[in-house]
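Heads up, the thing below is written out as structure tokens.
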Amino acid sequence: MNRKWLGIILVFVSNAVPVVGVVILGWRASEILVLYWIEVVVMIAGYSVAALFAKQPIVLEDRDFYIVGYSRREEIDEDRWDGASEPIDWSGNVLPDVVGSRLPPMYRRNFAVVGRSLAIVVFLAVLWAYLSNVVSNPVAALGSPAVILGSIAVCTSQLAELRREYFLPNTYESWSAYMTVEAAQRVVVFYIVLGVAVVPVTIIGLLLLGLLLEQALGGVVIPGSAGGAAGGELSVLAPVVVFAAGKAVVDWSRRSVGIRADAGGLAGWFTPENPHVQEWEQERH
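In this note's numbering, the protein residues as written are 2 to 286.
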């Protein structure tokens, strides 16, 4: 129990650091938001590559979440997905033996799923355009030492999570490529909701609150009141605060349940549905 609370405290403290840095230490908000963007890109790429090793066939029936390129009316190729699939033996031709012997089997039928997953990059391009309008010169932030070091930390963290939650427990043997990609895209959808809905509502709410307080206090000067430069500051600070809080929720959920399928509660929303488990449970009952 002490470890659980310590983990929760560490999650929220670590995600509060960017907000404190922007408000007190003068960090550039553009650097923080670019780091969040890089984390999403690295996560999608990592889970897409991991999906190549998923063993189980895709099942689309009775799903509540559909990844990019799939829908409720999608019809999959039964010849490709029914039954077991022969793994690709590339170790002798492409990879050195010392590397190939350490990797699990890779399946050719998963390449189409991975290709569709990478279509999410189109969305990230749109998000980048939106980000460019919110913060000042995000392209320049890519060359910042803080962003470079942060990117290294993000890549290391994502690889460690995949190794711990996906490869070491042999999760790829019980998951399909669809489920593996779904684990990343559920987080992306959560960030979309934050960026499209929560951030604008937060900015508008803070501006209205500032105006109401100014009217209620009868002309008393309020530091950083709404309007003018303060409005610009809110448009920069609000995304950092919202995304920091959202990332804390994601980190907490993954720390508490990992990326296991069909977890419960709020944390369960970030884990993929496993139709194979549902079928096994129905047969058992």
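C-beta: ideal position from N, C-alpha, C; glycine also.
Computed from a predicted model, the values in this text were never measured in an experiment.
The Cβ atoms of Ser118 and Ala52 lie closer than 8 Å to each other. Annotation for Tyr192: the continuous alpha helix (DSSP H) segment containing it runs 178-194. Look at Tyr71 here: in three-state DSSP terms it is coil, with no helix or strand label. Put simply, the stretch 62-74 does not touch the stretch 195-206. Fewer than three CB pairs are less than 8 Å apart. Between Val41 and Tyr167, the beta carbon gap of about 18 Å keeps them out of contact (Cβ cut-off 8 Å). The residues Pro276, in chain order, have a CB closer than 6 Å to that of Val60 in the same chain once the five nearest residues on each side in sequence are set aside.
Linking Ala239 to Pro88 through their CA atoms gives a straight-line distance of about 48 Å. Taking a C-beta distance under 8 Å as the contact criterion, Val12 and Arg256 qualify as a contact pair. Rounded to whole angstroms, the gap between the alpha carbons of Leu209 and Val243 is 18 Å.
Straight-line measurement puts the Cα of Ala154 at about 30 Å from the Cα of Ile204. Less than 8 Å separates the beta-carbon of Tyr173 from that of Lys56. Where Glu166 is concerned, there is no enclosing alpha helix (DSSP H), because DSSP gives it neither an H nor an E.
In the three-state DSSP reduction, Ile89 falls in the strand class (E or B). Trp38: member of the alpha helix (DSSP H) spanning 30-52, first to last residue.
Under the DSSP assignment, Ser145 falls outside any alpha helix (DSSP H); it carries neither an H nor an E label. By alpha-carbon distance to Ala46, the top candidate from Cys156, Val23, Val190, Ser72 is Cys156.
In this chain, the alpha helix (DSSP H) harbouring Ser118 covers 112-118. Ranking Gly269, Ala147, Tyr37 by CA distance to the CA of Lys248 puts Tyr37 first. Of the candidates Ser145, Gly151, Ala184, the residue whose Cα lies closest to the Cα of Glu162 is Ala184. With fewer than 16 other beta carbons inside 10 angstroms of its own, Pro146 counts as exposed. Around the C-beta of Ile149, fewer than 16 other C-beta atoms lie within 10 Å, and the residue is accordingly described as exposed. Here the alpha carbons of Ala30 and Arg187 stand approximately 25 Å from one another.
Exclusion of the five residues before and after Val20 leaves Val241, Val242, Ala245 as the residues of its chain whose Cβ lies within less than 7 Å of its Cβ. Taking 8 Å as the cut-off, the beta carbon of Val182 is found closer than this to the beta carbon of Val114. Taking every protein chain shown into account, the CB of Ile68 has 16 or more other CB atoms within 10 angstroms, so this residue is buried.
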